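Heads up: the structure comes next, in structure tokens.
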Amino acid sequence: AKDGGRNAYRFVTKEMGARSRERMDLEASLRRAIRGGELFLVFQPQVRISDGRLIGVEALVRWRHPHDGLILPDRFLPIAEETGLIVALGDWVLYEACSQIRRWRTKLNLTIPIAVNVSGAQFRDGQLPAKVSRALDANGLRGPELEVEVTESTLIDDVPGAVATLQALKERGVQVALDDFGTGYSSLSYLHRFPIDKLKIDRSFIQDLTGQGADSTVPRAVIGLGHNLGLSVIAEGVETEAQLAVLRELRCESYQGFLYSRPVTADELEPLLTRQPVD
Ligand code: C2E
Ligand code: CA
Ligand code: CA
Ligand code: CA
2 AKDGGRNAYR FVTKEMGARS RERMDLEASL RRAIRGGELF LVFQPQVRIS DGRLIGVEAL
62 VRWRHPHDGL ILPDRFLPIA EETGLIVALG DWVLYEACSQ IRRWRTKLNL TIPIAVNVSG
122 AQFRDGQLPA KVSRALDANG LRGPELEVEV TESTLIDDVP GAVATLQALK ERGVQVALDD
182 FGTGYSSLSY LHRFPIDKLK IDRSFIQDLT GQGADSTVPR AVIGLGHNLG LSVIAEGVET
242 EAQLAVLREL RCESYQGFLY SRPVTADELE PLLTRQPVD
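Residue numbering for the sequence shown follows our numbering, beginning at 2 and increasing consecutively.
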């Protein structure tokens with residue numbers, strides 16, 4: 002038992018050493034990835050429920066690591082957050098999304114609005130409205146062609162500061178969606194103070210819509226709340242026709258999810274865009 006204990010200890014320290022080495026490797030290579038063109042965006046269509054038309058896409062970041070292959074955000078965003086690299090990464094995403102809108106406009110002669118995820122650090126750094134403006138101007142875009150997705154926790158940290166930042170985005174015409182709505186807490190009392198356009202119902206509540214113990218309580222409440230506040234509501238993570246049918250019944254405006262399409266590369270999205278023109 003004594004021996005086992007000592008071995009277990011050695012095992013733990015060795016394990017921790019390996020893990021922190023892995024983290025440091027990841028940090029250094031993430032830094033390089035942001036500068037060196039290893040990041041790319043995939044796009045998931047957003048669809049209007051009433052007529053099934055494509056109304057925009059959400060941009061999601063991916064990392065093509067030269068040795069390890071494709072790395073998903075769940076693995077590198079936490080490290081980006083802890084090291085502050087998230088701001089540079091977010092700047093890259095913002096600029097790349099705006100460039101992509103311009104490229105599609107030039108190539109396909111249509112305008113597809115893009116929603117980008119904005120992290121707490123990026124939202125709070127004070128320069129977001131200016132950066133957004135520059136990215137729009139540099140690509141000849143109008144504000145409503147860009148939407149930013151922020152989470153409740155990003156906003157409730159500093160309510161007056163958040164309201165000011167949202168106001169500045171609003172003045173530029175940029176749309177704002179509240180992401181993962183319903184998973185946070187305590188924001189209900191602030192919601193009406195935020196100048197936002199859209200609520201995004203979290204995937205976890207969409208999963209609850211069908212199957213064993215199906216429960217539509219939260220989506221119903223979020224849709225009712227959103228509509229009472231004059232907001233549009235979008236559901237994320239819609240995977241089945243049955244889930245979509247419930248959302249239609251509840252008068253949810255739009256959805257995204259594997260049912261319509263997984264997130265795809267810009268090239269893969271093009272046939273979808275030209276087959277079914279965007280409004
Ligand atoms: P999110 O913003 O809630 O994005 C939705 C996630 O659900 C995406 O995962 C998407 O691929 C996945 N998804 C979409 N439809 C379905 C579906 O029908 N079923 C299931 N099971 N999953 C679906 P992804 O791309 O791995 O991104 C994970 C999270 O990473 C995002 O969650 C977002 O919080 C963050 N993220 C992604 N890209 C960016 C970015 O550019 N900047 C920032 N700050 N965060 C990002
Ligand atoms: Ca999102
Ligand atoms: Ca979300
Ligand atoms: Ca989510």
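Just so it is clear, CB atoms sit at the ideal spot from N, CA and C, and this is done for glycine as well. It should be emphasised that the depicted structure is a prediction, and the values quoted were computed from it without experimental measurement.
C-alpha distance - residue i paired with residue j, whole-angstrom precision
{"i": "T112", "j": "G185", "result": "33 Å"}
{"i": "S1", "j": "E254", "result": "The question about residue 1 has no answer here: the residues shown for the chain are numbered 2 through 280."}
{"i": "G162", "j": "R194", "result": "12 Å"}
{"i": "D209", "j": "F259", "result": "16 Å"}
{"i": "I35", "j": "S262", "result": "27 Å"}
{"i": "L61", "j": "S217", "result": "27 Å"}
{"i": "V223", "j": "S120", "result": "23 Å"}
{"i": "A289", "j": "D158", "result": "Any question about residue 289 goes unanswered here, given that the chain covers just 2 to 280."}
{"i": "E59", "j": "G37", "result": "23 Å"}
{"i": "E153", "j": "N229", "result": "18 Å"}
Cβ neighbours of residue i in the same chain (closer than 8 Å, five flanking residues each side left out)
{"i": "E148", "result": "G57, P114, I115, A116, V117, V175, Q176, V177, A178, D198 and K199"}
{"i": "G5", "result": "Note on G5: pLDDT 47, under 50, position unreliable in the model; no value is reported."}
{"i": "D126", "result": "V88"}
{"i": "I202", "result": "F182, G183, V219, P220, V223, I224, V234, I235, A236, E237 and C253"}
Exposed unless 16 or more other CB atoms sit within 10 angstroms - verdict on residue i
{"i": "T155", "result": "buried"}
{"i": "Q123", "result": "buried"}
{"i": "G227", "result": "buried"}
{"i": "G91", "result": "buried"}
{"i": "T128", "result": "In the sequence on display, residue 128 carries Gln and not Thr. Exposed is the call here."}
{"i": "A19", "result": "exposed"}
{"i": "Q213", "result": "exposed"}
For residue i, three-class secondary structure by DSSP
{"i": "D181", "result": "strand"}
{"i": "I224", "result": "helix"}
{"i": "V43", "result": "strand"}
{"i": "L137", "result": "helix"}
{"i": "T107", "result": "helix"}
{"i": "Q257", "result": "coil"}
{"i": "T166", "result": "helix"}
Neighbourhood of residue i by C-beta distance below 6 Å, restricted to the same chain and skipping five residues each side
{"i": "R106", "result": "T112"}
Close beta carbons around residue i, own chain, < 7 Å, minus the five adjacent residues each side
{"i": "N140", "result": "C99, S100, I102 and R103"}
{"i": "I72", "result": "W64 and H66"}
{"i": "R249", "result": "I50"}
{"i": "S134", "result": "R173"}
**Item:** Three CB pairs or more closer than 8 Å across the stretch 189–207 and the stretch 168–179
**Value:** yes
**Asked** Three or more beta-carbon pairs under 8 Å between the stretch 262–278 and the stretch 239–246, yes or no?
**Response** no
**Asked** Touching or not, the stretch 70–85 and the stretch 22–32, by the rule of three or more beta carbon pairs under 8 Å?
**Response** With a cut-off of 8 Å, the stretch 22–32 and the stretch 70–85 count as touching, because enough Cβ pairs lie within range.
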